[in-house]
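Worksheet: one structure, shown below.
2 protein chains.
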Amino acid sequence: MQPEKHRGTAAAQARDGLREAILRGEYLPGERLVEAQLIERFAASRFNVRAALQDLAGEGLVQMERNRGAHVRKVSIDEAVEITEVRMVVEGLIAARAAERVTDDQAGELDEIGRLMRAAVAEGEYRAYSDLNQRLHALVRAIAGHGTADRIVETLRGQLVRHQFMLSLLPGRPQTSLPQHERVIAAIRDRDAKAAENAMREHIASVIEALRSIDYLGGPA
Amino acid sequence: MQPEKHRGTAAAQARDGLREAILRGEYLPGERLVEAQLIERFAASRFNVRAALQDLAGEGLVQMERNRGAHVRKVSIDEAVEITEVRMVVEGLIAARAAERVTDDQAGELDEIGRLMRAAVAEGEYRAYSDLNQRLHALVRAIAGHGTADRIVETLRGQLVRHQFMLSLLPGRPQTSLPQHERVIAAIRDRDAKAAENAMREHIASVIEALRSIDYLGGPA
DNA sequence: GCTGACAAGATTGTCAACAATCCCCGTGGT
DNA sequence: ACCACGGGGATTGTTGACAATCTTGTCAGC
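Listed in order, the protein sequences are those of chains W and Y.
Position 24, counted from 1, in the first sequence is what UniProt numbering calls 24; the numbers after and before it change by one each time, with no gaps.
Position 90, counted from 1, in the second sequence is what UniProt numbering calls 90; the numbers after and before it change by one each time, with no gaps.
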């Protein structure tokens with residue numbers, strides 16, 4: 001969505017550091033982000049800290065209220081579903097385009113990830129499977145080379161890290177998503193754009209179902 | 001994408017004023033935005049001007065380079081195509097959801113817009129038709145009530161105002177797009193989500209074709 | 001006439017101090 | 001016990017000045 005920022009500058013370091021910290025879960029949703037604390041933690045001036053907060057507010061990671069400071073933004077389940085719906089269609093576009101542009105080498109990489117995924121699920125290594133999941137989506141995006149769609153998906157993904165964490169705890173998820181991933185890989189490898197889009201959308205649609213099921217579990221708690 | 005900002009504050013006024021000015025075309029793509037000039041024009045402090053520039057950079061309307069100031073971002077035809085591709089799938093999602101949620105009253109409004117559109121095209125009132133076009137898309141979005149998709153479409157639209165202006169000059173556009181609009185309206189009225197999504201995507205796909213044709217016209221000039 | 005270095009001006013980057021605001025908590029009254 | 005009412009401390013909002021950097025114009029040397 002936004003053009004790339006400068007790297008290495010103090011302002012950029014503060015921004016990236018704070019984003020990483022939020023994404024790691026070091027600051028919980030709703031938690032207050034006090035400027036003075038951030039100044040100490042990131043060894044940045046107040047000027048740069050404020051610029052960082054404003055940037056992350058633009059990315060939807062933090063929420064700023066006048067005279068009341070900045071908080072880590074809370075994303076409700078309903079919002080998470082909305083965000084994932086948008087992700088579904090945009091990643092569908094990305095998958096379709098990847099199918100049109102994939103090279104033989106890249107197709108080989110995709111198959112390799114597929115093999116590793118099957119192995120990880122077979123051996124119950126869910127952490128490895130989760131990493132492979134991210135690698136797969138990242139590779140598809142790289143193949144598609146769609147800068148605009150890329151930025152949007154990245155921004156949306158950032159807003160849901162907390163929920164994605166909960167998702168990975170759902171029992172039976174890998175068994176559901178593995179065949180979906182395989183269909184995505186196969187469609188891109190076969191350069192079938194329409195099938196790739198459908199496969200990716202089905203995959204993310206099932207993520208939405210899972211999100212809704214969390215709602216039932218965690219809602220009345 | 002980002003949470004709503006405060007209205008009425010000096011910072012918000014500077015931001016909204018500058019955005020309006022850029023969208024109106026008062027500042028041309030590539031034009032430099034000198035802080036001192038903006039301070040005068042919007043009667044804001046430098047602090048607020050910089051905050052506004054940073055916000056608009058987040059929206060992709062301006063580009064900031066270290067020590068070289070802020071410029072109105074130039075969007076190439078290739079980028080415009082990418083942006084419109086994303087818009088295509090997201091507006092498709094919106095149309096599908098609108099079909100699921102539309103009330104009888106809203107269906108009537110849609111039909112009314114359709115009637116006005118046919119009349120405008122028949123009488124060659126292209127300016128009125130263009131306004132109705134925006135009204136239609138806005139109404140569909142309102143019916144869908146999808147905040148996340150809404151924000152993204154709005155942001156993307158902002159980045160293309162200049163190109164959309166050129167589009168409206170293309171001869172024969174209304175004759176092409178009118179039946180597409182009618183199909184969108186009919187599908188939503190009939191509460192057929194899949195058809196609504198397809199109709200909206202076809203419509204915007206033809207916008208992409210038109211954008212590419214501008215490329216041929218304006219490219220080697 | 002052209003190239004390069006250098007200086008002057010313009011513009012942006014950064015900071016530290018000051019002002020405004022809010023939130024918490026104790027006080028007094030009922 | 002409960003509520004209204006201010007302090008007082010903490011936190012953010014804003015300003016103006018100063019430093020760093022880039023851009024432009026000029027001039028000497030070839």
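Glycine is no exception: its CB is placed at the ideal position from the N, C-alpha and C atoms.
When DSSP states are grouped into helix, strand and coil, Ala57 (chain Y) belongs to the helix group.
Contact of Val89 (chain W) with chain Y by beta-carbon distance below 7 angstroms involves Val89, Val90, Gly92 and Leu93. Not a single C-beta of chain Y is nearer than 8 angstroms to the C-beta of His163 (chain W). The shortest CA-to-CA distance from Ala128 (chain Y) to any of Y:Leu116, Y:Leu139, Y:His137 and Y:Ala138 is the one to Y:Leu116. Residue-level contact by beta carbon holds for Gln54 (chain Y) and chain W, with a gap shorter than 8 angstroms.
A Cβ-Cβ separation of about 5 angstroms places Ile94 (chain W) in contact with Ala149 (chain W) under the 8 angstroms criterion.
Separation of the CB atoms of Ala52 (chain Y) and Ala21 (chain Y) is rounded to 11 angstroms, and the pair is thereby denied contact status at 8 angstroms.
What Ala51 (chain W) touches in chain Y, judged by beta-carbon distance under 8 angstroms, is Gln54, going in chain order. In the structure shown, the three-state DSSP call for Val102 (chain W) is coil.
In the three-state reduction of the DSSP assignment, His181 (chain Y) falls in the helix class. Following the DSSP letters along the chain, one finds Glu20 (chain W) inside the alpha helix (DSSP H) bounded by residues Ala10 to Arg24. Cβ atoms of Val90 (chain W) and Glu31 (chain W) stay farther apart than 8 angstroms, at about 29 angstroms. Contact between Ala193 (chain Y) and Val184 (chain Y) does not hold, since their C-beta atoms are separated by about 12 angstroms, which reaches or exceeds 8 angstroms. Straight across, the Cα-Cα distance linking Leu139 (chain W) with Arg118 (chain Y) is about 46 angstroms. Judged by DSSP secondary structure, Val62 (chain Y) falls within the beta strand (DSSP E) whose first and last residues are Val62 to Glu65. Here Gly114 (chain Y) carries a helix assignment [DSSP, helix/strand/coil].
Here Ala210 (chain Y) is not bridged, per DSSP, to any residue. Look at Glu202 (chain Y): its C-beta is not under 8 angstroms from any C-beta on chain W. As far as DSSP is concerned, Leu93 (chain Y) takes part in no beta bridge. At a cut-off of 8 angstroms between beta carbons, Arg66 (chain Y) contacts chain W. Spatial neighbours of Gln106 (chain W) in its own chain (CB-CB distance under 7 angstroms, excluding positions within 5 residues in sequence) are listed in chain order as Ile143.
Taking the beta carbon of Ala149 (chain W) as reference, the chain Y residues within 9 angstroms of it are Glu82, Glu85, Val86 and Val89, listed in sequence order.
Leaving aside the five residues that flank Val86 (chain W) on each side, the residues in its chain whose CB is nearer than 7 angstroms to its CB run, in chain order, Leu156. Membership of Gly158 (chain Y) in the alpha helix (DSSP H) is indicated by the continuous run Gly147 to Gln159. The beta carbon of Ile152 (chain W) sits closer than 8 angstroms to some beta carbon of chain Y.
By the C-beta density criterion, Ala36 (chain W) is exposed, having fewer than 16 other C-beta atoms within 10 angstroms. In the DSSP annotation of this structure, the continuous segment of the beta strand (DSSP E) that includes Ala70 (chain W) starts and ends at Gly69 to Val72.
Three or more Cβ pairs closer than 8 angstroms define a contact, and the region 98 to 114 of chain W falls short of that threshold against the region 165 to 183 of chain Y. Excluding five sequence positions before and after Gly92 (chain Y), the CB atoms of its chain that fall closer than 7 angstroms to its own CB belong to Glu197, Met200 and Arg201, given in chain order. According to DSSP, Arg87 (chain W) shares a beta bridge with no other residue.
In this structure Gln175 (chain W) is exposed. Its beta-carbon is surrounded by fewer than 16 other beta-carbon atoms within 10 angstroms.
Neighbours of Glu79 (chain W) in chain Y, taken as residues whose beta carbon is under 9 angstroms from its own, are Gly147 and Thr148 in chain order.
Arg191 (chain W) carries a coil assignment under DSSP once its states are collapsed to helix, strand and coil. An exposed status is given to Ser76 (chain W), since fewer than 16 other beta-carbon atoms sit within 10 Å of its beta-carbon. Taking each of W:Gln180, W:Leu38 and W:Leu178 in turn and checking the Cα distance to Ala70 (chain W), the smallest one comes out for W:Leu38. The beta carbon of Glu182 (chain Y) sits closer than 7 angstroms to the beta carbons of Gly114 from its chain, once the five residues preceding and following it are set aside; these are given in chain order.
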